[in-house]
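Notes follow once the structure below has been shown.
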Amino acid sequence: MRADSDDMSMRLRGRDVFYVTLVTFGLTSVGIAAIVGLAEISADNAATSRKLNLAVLFGSILLLNGSVFLAVKIVLMRAGEMSWQTLGFVWPGARWFAGAIALGIILVATIEGIERAFEISAGQLTSWLIAPDGFTWVGLVGGVLFIGLLAPFGEELLFRGLVYRWLKDLWGPMTAAPISATLFASAHFYYPLPHMLLVAFLGLVLAISYERSASIWVPIGIHAAQNTTVVVLIYLSLH
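The sequence shown runs 47 to 285 under my numbering.
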C-alpha cells in the first residue's frame, strides 16, 4: 500500500530550501566549533582527549539534526504553509517500513560486495569516524542511537524531504533523483571519490524509495537500518 501523496503536492520554493540549508549549516558549524573548542579546553591529557572524541561525534550529530528541524520550523512552517505531513511524515504502512528495514540491511552487503570487487573499501576511515576510541560499550550504544537511528532523520528531511522534492518540482523525478543523490554524496566529502560514488548510489535508492512510497519514513527506515548495521559490524570487528 502506497502512502497517500495528497500532502506531497505542495511545491517548495528554491529560496526556502536555500534558507533552510543556510540556517542548518550555519547553526551546525557554529555549534560544532563550540563543541570542539570546549573539548580542547577540557582535554588536559591524551586519555581525556580520547574520551571526548565520542562526545564531539554524538554532539555534532545531535546538533545537525536539531538544526535541520529548527530551520524547517522557522523557514517553512511559521506562515502555516507547510506541515510535517506535507514534507512526507506520513506513515506508509507496516509492509513498506518492514521492507525498508530489510532493504537497508541488504544494502550493507551489496555495498560491501562492490567495495571488495573493485577494491575501493574505506573501511579504516569508516571505522575511525564511527569508533574513534576503538571498542567501548558506550561507543556501541551511542553509535546505534546517534549514528544509526538519529542521524537519518535530519539527513533524510534535508536531502529527500527538501532538496529532492524541490528538484522534482523543477525537473521531475528522473532528473531530481540523481542530482539529489550527487548532492548527498558531496556532503560526505571526507570519503575518497570511489566511496562517494557508493554514497551517491545509496542516495539514489533513498530518493526512489521516497518517490515510490510518498513517505519520508521509508528512506529513514532504509538509512537507519543501513547505518545501524554498519555501526554494529564495525564495533563487533573491534571487540
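Beta carbons: idealized from backbone N, C-alpha and C, even for Gly. Just so we're clear, the structure is a prediction, and the values are computed from it rather than from any experiment.
So, at 7 Å on beta carbons, what are the nonlocal neighbours of residue i in its own chain, with the 5 sequence-adjacent residues on each side left out?
i: asparagine 273; result: Ile193, Gly194, Ala197 and Pro198
i: isoleucine 266; result: Pro198, Phe199 and Glu202
i: aspartate 62; result: Val121 and Leu122
i: leucine 58; result: Leu208, Arg211, Trp212 and Asp215
i: glycine 60; result: Trp212
With a CB to CB cut of under 6 Å and the five nearest residues on each side skipped, what residues in its chain are close to residue i?
i: serine 173; result: Ile280
i: alanine 146; result: Val264, Gly267 and Ile268
At a cut-off of 8 Å, would you count residue i as near the ligand GDP, judging by its Cβ distance to the nearest heavy atom?
i: phenylalanine 205; result: The ligand GDP is not part of this structure, which contains no ligands at all.
Alpha carbons only, please: which of the options is nearest the one belonging to residue i?
i: serine 106; options: Thr70, Ile120, Arg141 and Pro224; result: Thr70
i: proline 36; options: Leu284, Ala271, Ser261 and His269; result: There is no way to answer for residue 36, as the model of the chain reaches only from 47 to 285.
i: leucine 282; options: Val190, Phe230 and Pro224; result: Val190
i: glycine 77; options: Asn111, Gly126 and Gly60; result: Asn111
i: leucine 171; options: Gly159, Val276 and Ile160; result: Val276
i: glutamate 161; options: Ala146, Leu243 and Gly60; result: Leu243
i: methionine 220; options: Glu257, Val278, Ile151 and Ala177; result: Glu257
i: glycine 126; options: Met56, Ala233, Val184 and Val251; result: Met56
i: tryptophan 183; options: Ile81, Ala80 and Val278; result: Val278
Kindly indicate the opening and closing residues of the alpha helix (DSSP H) around residue i.
i: phenylalanine 164; result: 140-164
i: leucine 250; result: 239-259
i: arginine 59; result: First-last for arginine 59: undefined, no H or E at that position.
Does the CB of residue i have a neighbour CB from chain B at under 9 Å?
i: serine 261; result: No chain B is present in this structure, which holds just one protein chain.
One question on the structure: do residue i and residue j come within less than 9 Å of each other, judged by their Cβ atoms?
i: threonine 74; j: leucine 208; result: no
i: valine 118; j: leucine 133; result: yes
i: leucine 103; j: leucine 175; result: yes
i: serine 255; j: valine 245; result: no
i: phenylalanine 235; j: leucine 248; result: no
i: histidine 269; j: serine 167; result: no
i: leucine 109; j: glycine 188; result: no
i: glycine 180; j: leucine 116; result: no
i: alanine 253; j: serine 232; result: no
Return the chain-ordered list of same chain residues with a C-beta closer than 8 Å to the C-beta of residue i, the five sequence neighbours on each side being excluded.
i: alanine 148; result: Ala271
i: methionine 47; result: With a pLDDT of 47 at methionine 47, under the threshold of 50, the modelled position of this residue cannot be trusted, and the question is left open.
i: threonine 228; result: Ala246 and Gly249
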